[in-house]
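Protein chains in written order, with the working numbering: chain Y, -2 to 226; chain H, -2 to 226.
Below is one structure, written out as structure tokens; the observations come after it.
2 protein chains.
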Amino acid sequence: MAVKILIIEDEAAIREMVEMSLSAVGYQVIQAESGEEGFSMLNEHVPDLILLDWMLPGMSGIDFARRIKKDPLCSEIPVIMLTARGEEEDKVRGLDSGADDFVTKPFSPRELASRIKAVLRRASPMSSEEVVEVDGLKLDPLSHRVTANEDKVDMGPTEFRLLHFFMTHPERVFTRGQLLDNVWGTNVYVEERTVDVHIRRLRKSIAGSGHDRLVQTVRGAGYRFSSKP
Amino acid sequence: MAVKILIIEDEAAIREMVEMSLSAVGYQVIQAESGEEGFSMLNEHVPDLILLDWMLPGMSGIDFARRIKKDPLCSEIPVIMLTARGEEEDKVRGLDSGADDFVTKPFSPRELASRIKAVLRRASPMSSEEVVEVDGLKLDPLSHRVTANEDKVDMGPTEFRLLHFFMTHPERVFTRGQLLDNVWGTNVYVEERTVDVHIRRLRKSIAGSGHDRLVQTVRGAGYRFSSKP
DNA sequence: TAACCGTGTGACCGTTTTGTGACACCAGGC
DNA sequence: GCCTGGTGTCACAAAACGGTCACACGGTTA
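So this is what it looks like as structure tokens:
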């Protein structure tokens, strides 16, 4: 699955440049031009990294970072601050607020890309390649394999991606729309009820070992993956 | 363990390109932008190969190579020199200094990767010439022979390389593109479906002993070699 | 209790992906 | 030249997958 990066930056020129250079190296870029928009984006997408402008209209970057880090659901997402030259003294405050790195404007696409790579490596070593396990249900992205208590589990590609997303974002409810965005990908047009069907197929394939209880329905909201009842 | 490559090159652009393209095919890349930094890196990492820029600020590439080769701890590490066009006549001197190969800038990632592969194969025959065996299926790179429970197995050269790659990288899914890169070589252009055909031929040739089950299709992802079902 | 809403479920069918045999081409040996 | 074995590509077949629908079910509300 492609690495998602959310950029929150009010200058459209910078957003566009970042979008172009990062998507060229295989990242999926989601844009927001204000803190508020950034938060609403977080409801749809769960990015792997956030690029955050230091000076934002309305909510400042540092406020945003603090709120992010307080939210247990998002606190793990690494943040890179974009600062203008001459704000050096502010770096300390920025670090306190939980930013993982700083890039000073103007920056080259290359520099940004290498910082991103470094931060991602540091923050979660190969997050998308790590084996995830919940309650005896194990998913190995590298070998593309799912086992329930060492027994092989079969499922289709979409179910696999869905399960992978769930297992890497447990204990959180996702609406059907959010699941479509994160598992199917943005700009696809399919019925929301399609999610139900794939949930059903996923449950069926992991039901043999009783793990279907991990995929929970939250009526009126969506679905959740959780080991708690 | 991943193959480590140390690149010593002052131009960040080239370093980044190399880093990206090599890490994409599974190498671990360590960067240094000067000879001095290169030496300090050698104290931390023992790379399997060194990419060395011909023209370095301060200590030149050739000086570096000479010092490397004098050090008994590092003298075995193969060195590939990166030279700019028009330095052809210098190649002789370079060879005297112990470089194992040359790559002329500008070079393509594919070319570099295949040179690296060739040099590593030449330099350390140990790892890639060891007999591998999985489940009674034995491949001997030295005698270029495959046996299934002591019975001889026939296959074409490409199938042999494919099987060798699979057996040295089991339990992991490879896309058709990755297989093309790793088995065919990086600078060839062939249809991805060609992989399917060779998978088919490989399966056919090892099917007599039932070993075709080791070559597994992962729908939507690629192929995997595994002794597990 | 009946209508209603959201979700579960099985089935359908077009599309996509993979398996498979055949063929043309190339290089090397005779 | 003429085989021969190996390779890449193609066309077709087979299988799996994905999205949609219709209907069933169960809880909630009027």
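For every residue, glycine included, the Cβ atom is placed at its ideal position computed from N, Cα and C.
Within the region 134 to 155 of chain Y, contact with chain H at the beta-carbon level (separation under 7 Å) is assigned to Leu139, Ser140, His141, Lys149, Pro154. Within the region 182 to 212 of chain H, no residue has its Cβ closer than 9 Å to any Cβ of chain Y. Looking at the DSSP output, Leu48(H) sits in a beta bridge with Ile4(H), Ile77(H). Of the other Cβ atoms in all chains shown, 16 or more fall within 10 Å of the Cβ of Ala96(Y); this residue is therefore buried. Per DSSP, the continuous alpha helix (DSSP H) segment holding Phe162(H) begins and ends at 154 to 165. Its chain contains Arg142, Val143 as the residues whose beta carbon lies nearer than 8 Å to that of Lys149(H), once the 5 sequence neighbours on both sides are disregarded; these appear in chain order.
Only residues of its own chain outside the window of five on either side were considered, and among them Lys102 have a CB closer than 6 Å to the CB of Ala81(H), listed in chain order. Chain-order list of chain Y residues neighbouring Ala218(H): His141, Pro154, Phe157, by C-beta distance under 9 Å.
For Pro226(H), at least one C-beta of chain Y is nearer than 8 Å to its own C-beta. The straight-line gap separating the alpha-carbon atoms of Gln175(H) and Asp60(Y) is approximately 43 Å. By the Cβ neighbour-count rule, Asp151(H) is exposed, with fewer than 16 other Cβ atoms within 10 Å of its own.
Gly219(Y) is bridged by DSSP to Val215(Y).
Setting aside the 5 residues that flank it on each side, Ile27(H) is surrounded in the same chain by Lys1, Ile2, Leu3, Ile4, Met38, His42, Pro44, each with a C-beta closer than 8 Å to its C-beta; the list follows chain order. The three-state secondary structure of Phe99(H), taken from DSSP, is strand.
Contact of Glu6(H) with chain Y by beta-carbon distance below 8 Å is absent, the smallest such distance being about 14 Å.
At the C-beta level, Leu109(H) and Val15(H) come within 8 Å of one another. Of the residues assessed, Asp178(H) falls on the buried side of the cut-off, its CB having 16 or more other CB atoms within 10 angstroms. Against chain Y, the CB of Val170(H) has a partner CB under 8 Å away; the residue lies at that interface. In chain order, Ser140, His141, Arg142 make up the part of chain Y whose C-beta sits under 9 Å from the C-beta of Arg221(H). Bridge partners of Leu134(H) according to DSSP: Val131(H), Ala145(H). By DSSP's assignment, Val180(Y) forms no beta bridge with any residue. Judged by DSSP secondary structure, Val26(Y) falls within the beta strand (DSSP E) whose first and last residues are 25 to 29.
Sequence-distant partners of Asp209(H) (beyond 5 residues in either direction) whose C-beta falls short of 6 Å from its own C-beta, in its chain, are Arg200, Ile203. Between Ser206(Y) and Gly217(H), the alpha-carbon positions lie close to 25 Å from each other.
Taking 8 Å as the CB threshold, Val131(H) stays off the interface with chain Y. Closest in alpha carbon position to Leu139(H), among Asp132(H), Glu127(H), Ala145(H), Gly133(H), is Glu127(H). It is roughly 11 Å from the alpha-carbon of Val194(Y) to the alpha-carbon of Thr155(Y). According to the DSSP secondary-structure assignment, Phe171(H) is paired through a beta bridge with Tyr220(H). Relative to the Cα of Thr172(H), the nearest Cα in the group Thr214(H), Gly153(H), Leu160(H), Arg158(H) belongs to Thr214(H). In this structure, Glu34(Y) lies away from Arg12(Y), with their beta-carbon atoms at least 8 Å apart. For Val215(H), the chain Y residues whose Cβ falls inside 7 Å of its Cβ are His141, in order along the chain. According to DSSP, Val150(H) shares a beta bridge with Val143(H).
Within a 10 Å sphere around the beta-carbon of Val76(Y) sit 16 or more other beta-carbons, which makes this residue buried.
A Cβ-Cβ contact shorter than 8 Å links Asp7(Y) with Leu53(Y). Within its own chain, the residues whose Cβ lies closer than 6 Å to the Cβ of Phe163(H), once the five positions on either side in sequence are excluded, are Phe222, listed in chain order. Listed in chain order, the non-local C-beta contacts of Val185(Y) below 8 Å within the same chain comprise Leu177, local neighbours out to five positions each way being set aside.
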